[in-house]
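So the structure is just underneath, and the comments pick up after that.
Residue numbers (my numbering): 1 to 112.
So this is what it looks like as structure tokens:
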């Protein structure tokens, strides 16, 4: 496969992920229902679910920003280059996470 084909495959994958995230982020998050006497456990459960949904939405927003950054890097010719050390990001890593901004070595260092 040529580098141009690889980039077009990556672009298609990133665009598909971008569309999925935009749809996901467009879904409303329900507010907890009005609490009535005897429903504290149900209300607590609803609040927990809402907070979980908000955390997932934050994660999706972060992923969307990374996907969009990866699409920009394709356009500016830096896709597949680690933003931390400047070395190439491995093909297997990019296949697994097309929006990965760092090589696996730098990702491991940043996780510590």
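Ideal placement from N, C-alpha and C gives every residue a C-beta, glycine not left out.
With burial defined as no fewer than 16 other Cβ atoms inside 10 Å of the residue's Cβ, what is the status of residue i: buried or exposed?
i, result
"residue 67", "buried"
"residue 26", "exposed"
"residue 17", "buried"
"residue 102", "buried"
"residue 92", "exposed"
"residue 8", "exposed"
"residue 82", "buried"
"residue 98", "buried"
"residue 96", "exposed"
"residue 55", "exposed"
"residue 70", "buried"
"residue 100", "buried"
"residue 1", "With a pLDDT of 40 at residue 1, under the threshold of 50, the modelled position of that residue is not reliable, and no figure is offered here."
First and last residue of the alpha helix (DSSP H) that includes residue i?
i, result
"residue 106", "104–111"
"residue 45", "40–76"
"residue 96", "91–96"
Report back the beta-carbon spacing between residue i and residue j to the nearest angstrom; my notes put them in contact at under 8 Å.
i, j, result
"residue 94", "residue 41", "46 Å between Cβ atoms; not a contact."
"residue 60", "residue 111", "No, residue 60 and residue 111 are not in contact; Cβ-Cβ is about 20 Å, not under 8 Å."
"residue 64", "residue 21", "4 Å"
For residue i versus residue j, is the C-beta spacing smaller than 7 Å?
i, j, result
"residue 89", "residue 80", "yes"
Suppose only complete runs of 3+ residues qualify. What are the beta strand (DSSP E) ranges in the stretch 5–32, listed by chain order? none
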